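Residue numbers (the UniProt record's numbering), protein chains in the order written: chain A, 1 to 207; chain B, 1 to 207; chain C, 1 to 207.
By construction, the Cβ of each residue, glycine as well, lies at the ideal position given by its N, Cα and C atoms.
The model shown is predicted, which means the values in this text are computed figures rather than measured ones.
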Amino acid sequence: MTTALVLDLLGTFAFALNGALTAVRAARLDIVGVVVLGMITALGGGILRDILLGALPPATFSDWRYLVVAAAGGLVAFALSRQLERLARSITVFDALGLSLFAVTGAARAVELGAGVGQAVLLGTITAVGGGTLRDVLVRRVPSVLSSELYAIPALVGAAFVVIPARFGAGGLLWVFVGAGACLVIRLLGVGFRIDAPRPPGGGSAP
Amino acid sequence: MTTALVLDLLGTFAFALNGALTAVRAARLDIVGVVVLGMITALGGGILRDILLGALPPATFSDWRYLVVAAAGGLVAFALSRQLERLARSITVFDALGLSLFAVTGAARAVELGAGVGQAVLLGTITAVGGGTLRDVLVRRVPSVLSSELYAIPALVGAAFVVIPARFGAGGLLWVFVGAGACLVIRLLGVGFRIDAPRPPGGGSAP
Amino acid sequence: MTTALVLDLLGTFAFALNGALTAVRAARLDIVGVVVLGMITALGGGILRDILLGALPPATFSDWRYLVVAAAGGLVAFALSRQLERLARSITVFDALGLSLFAVTGAARAVELGAGVGQAVLLGTITAVGGGTLRDVLVRRVPSVLSSELYAIPALVGAAFVVIPARFGAGGLLWVFVGAGACLVIRLLGVGFRIDAPRPPGGGSAP
């Protein structure tokens, strides 16, 4: 099992926990809804990436390990929802972890399949934000990628740390960890200090 | 015309009626909205299945019979909306019929295209619940698959009745009918008795 | 650069402006949200079309010109949002322009890739309405294609003007302009006079 796969499965597990806890907290769903939302959050980004790469069937669906890890994350979150909720901000942390891991693994996969630089950075970002966007649409929230403190930007940065060195023939595992770390730090700072990207000059009067 | 195709077109018609009636009742749409929502409800599940199978262009889009049957269902529901609404629960019954038929035909198609056992059961389920999920997102409801009494579970059961015998070389039309029947019965019992799957220990205080 | 590509990029720019202005006005998003919504509105229809055609990776994603034009449209709308909002109905006009251009270019691409007549007309329509539908779902509005005065119908008409002559061997640039013009006129008349398609006999009591 390669390091990339391990990181990808870790991201899958983190997003499954996050999606399932969202289902418990935001929408009070039953066990099926909890596991389904966990799985969609965990697998959605990779599926969108593989559709845009034309690499069908998507790896995250055809490889049973992703399905099992995603379902397990959903079930764990269901069983331990009371404990996990007590951990302050655990939903946010799992989301930030998934975001960081998927930004770099998604970008690495796009590079591997021959996408251009701009496309590979975007695909890393889409892998990272895609599952959470589907989650938000399904529970009827405005998606984090549109509304939240620094959500797409850390993913873009993380993906760029993987794609740009690879473009110059200097790719490697080091950059994967640097990229994921940078994404995680920026995202958590964004949440902690409620930093937003600039708002438009006209419309930003009041939220 | 094979039996599988007939069942698939019946499911398409049932979901088109359901989606179009939802458009009439829940959202008071005009004729275009009614037919569009009927067609998306009818064709969405099969399109999602074929994307995940990598079998593009999707059969339900490239084969004109699906398009015609879906459009016809939408138009019939538009024309007869007053009569169909009087029939108590007709929306629910059409939905349950589409769910049952698509669970088995979707699973059969996944097996035919060489999907693994787990994937084939999931693909049957996704075919069954996919169109209704798109319908609910478009009219801004929390999707049935997340919130409703037993919605994904009967589809899973129906799909399993098709996939597991096929795995042991004993597939056949009998199991298709058994699977669809089992799905229909469980779904209608779920609706009739308002049976929910278990709720999480923490969050289930009040709806 | 072919005429078709120019028209397609113009449509991309118009939809990017529209999506970004929607983000500014309807949802008061920050710069990331504005650009992301602009890009999804601009690129979504073409991506849906190419998925349904099985032509992956989608042209609008793999060709960097679409990405650049879409991002530029989003940034321009962000920078000039105050000025653009003052222009009465500019959101509506950009939407109608994108709708008209994508209806004909989408239909032309479908014909080129060998889709049947009905499918090609539908694919032109889906290209035209797809991005706006994703936009509306993301900002939690009932999609225009379901609810609005004449939205899908002008796109259908525009696409038909391209597909039907091509079917009889008489395709060409003339029909592309006629189709786009017809779509634009019908759409703007629909908006101007608040013309709706017929409502169902039963449910149309009150909005």
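{"Asked": "Residue range of the alpha helix (DSSP H) that includes Phe102 (chain B)", "Found": "Ser90 to Glu112"}
{"Asked": "Ser62 (chain A) at chain B interface by Cβ criterion, 8 Å", "Found": "yes"}
{"Asked": "Straight-line gap, Leu123 (chain C) to Gly98 (chain C) (C-alpha atoms, nearest Å)", "Found": "15 Å"}
{"Asked": "Where Ala55 (chain B) sits in the DSSP three-state scheme", "Found": "coil"}
{"Asked": "Inter-residue spacing [alpha-carbon to alpha-carbon] between Gly11 (chain B) and Thr3 (chain B)", "Found": "12 Å"}
{"Asked": "Contact residues within the stretch 29-60 of chain C, judged by C-beta distance below 8 Å to chain A", "Found": "Leu29, Asp30, Ile31, Val32, Gly33, Val34, Val36, Leu37, Ile47, Ile51, Leu56, Pro57 and Pro58"}
{"Asked": "Cβ-Cβ distance between Ala55 (chain A) and Leu113 (chain A) below 8 Å", "Found": "yes"}
{"Asked": "Touch test, the stretch 13-27 of chain A against the stretch 23-39 of chain B, Cβ-Cβ under 8 Å, three pairs minimum", "Found": "no"}
{"Asked": "Check whether Ala159 (chain B) and Ala107 (chain B) have beta carbons under 8 Å apart", "Found": "yes"}
{"Asked": "Asp63 (chain A) to Val117 (chain B) span [Cα, whole Å]", "Found": "12 Å"}
{"Asked": "Ala71 (chain C) burial status per 10 Å Cβ neighbour count (16 or more: buried)", "Found": "buried"}
{"Asked": "Contact with chain A by Arg135 (chain B), beta-carbon distance below 8 Å", "Found": "no"}
{"Asked": "Gly203 (chain A) at chain C interface by Cβ criterion, 8 Å", "Found": "Residue confidence for Gly203 (chain A) is low, a pLDDT of 44 falling below 50, so the modelled location carries little weight; the figure read from the coordinates is stated next. Yes, Gly203 (chain A) lies at the interface with chain C (some Cβ there is under 8 Å from its Cβ)."}
{"Asked": "Beta-carbon gap between Leu184 (chain A) and Ala96 (chain A) smaller than 8 Å", "Found": "yes"}
{"Asked": "Environment of Ala170 (chain B) [buried if 16+ CB atoms lie within 10 Å]", "Found": "exposed"}
{"Asked": "Beta carbon proximity, Gln119 (chain C) to chain B, threshold 8 Å", "Found": "yes"}
{"Asked": "Delimiting residues of the alpha helix (DSSP H) encompassing Arg187 (chain A)", "Found": "Leu173 to Gly192"}
{"Asked": "Short Cβ contact (8 Å threshold) for Ala182 (chain C) with Phe94 (chain C)", "Found": "no"}
{"Asked": "Positions along the UniProt domain \"Glycine transporter\" (93-164) of chain C whose CB lies within less than 7 Å of some CB in chain A", "Found": "Val137, Leu138, Val139 and Arg140"}
{"Asked": "Inter-stretch contact at 8 Å, needing at least 3 Cβ pairs: the stretch 132-148 of chain B / the stretch 77-91 of chain B", "Found": "no"}
{"Asked": "Where Arg141 (chain A) sits in the DSSP three-state scheme", "Found": "coil"}
{"Asked": "Runs of alpha helix (DSSP H) wholly within the UniProt domain \"Glycine transporter\" (6-81) of chain A (minimum 4 residues, chain order)", "Found": "31-53, 59-62 and 64-79"}
{"Asked": "Assigned secondary structure, Pro198 (chain B) (DSSP; H/G/I helix, E/B strand, else coil)", "Found": "coil"}
{"Asked": "Extent of the continuous alpha helix (DSSP H) to which Ala155 (chain C) belongs", "Found": "Ala152 to Arg167"}
{"Asked": "Nearest-angstrom Cβ-Cβ length linking Ile153 (chain A) and Ile186 (chain A), presumed shorter than 8 Å", "Found": "7 Å"}
{"Asked": "Sequence-distant residues of the same chain with beta carbon closer than 6 Å to Asp8 (chain A), five excluded per side", "Found": "Thr105"}
{"Asked": "Interface partners of Leu67 (chain C) on chain A, CB under 9 Å", "Found": "Gly118, Gln119 and Leu122"}
{"Asked": "Residue burial classification, Phe193 (chain B) (beta-carbon count within 10 angstroms, cutoff 16)", "Found": "exposed"}
{"Asked": "Nearest-angstrom Cα separation, counted from Val157 (chain A) out to Gly179 (chain A)", "Found": "7 Å"}
{"Asked": "is_contact[Gly23 (chain A), chain B] using C-beta, thresh 8 Å", "Found": "This sequence places Ala at residue 23 (chain A); Gly is not what is there. Yes, contact with chain B."}
{"Asked": "C-alpha gap between Gly33 (chain C) and Gln83 (chain B), whole angstroms", "Found": "45 Å"}
{"Asked": "Spatially closest choice to Gly132 (chain A) from A:Arg109, A:Ser100, A:Ala110 and A:Val111, by CA coordinates", "Found": "A:Ser100"}
{"Asked": "CA-to-CA distance, Leu5 (chain C) to Arg65 (chain C), given in whole angstroms", "Found": "10 Å"}
{"Asked": "Beta-carbon proximity of Gly46 (chain B) to Ala77 (chain B), cut-off 8 Å", "Found": "no"}
{"Asked": "Test item: CB-CB of Asp151 (chain B) and Val129 (chain B) under 8 Å", "Found": "As written in the sequence, residue 151 (chain B) is Tyr, which differs from the Asp given in the question. For Tyr151 (chain B) and Val129 (chain B), yes; Cβs fall inside 8 Å."}
{"Asked": "Beta-carbon gap between Leu146 (chain C) and Phe61 (chain B) smaller than 8 Å", "Found": "no"}
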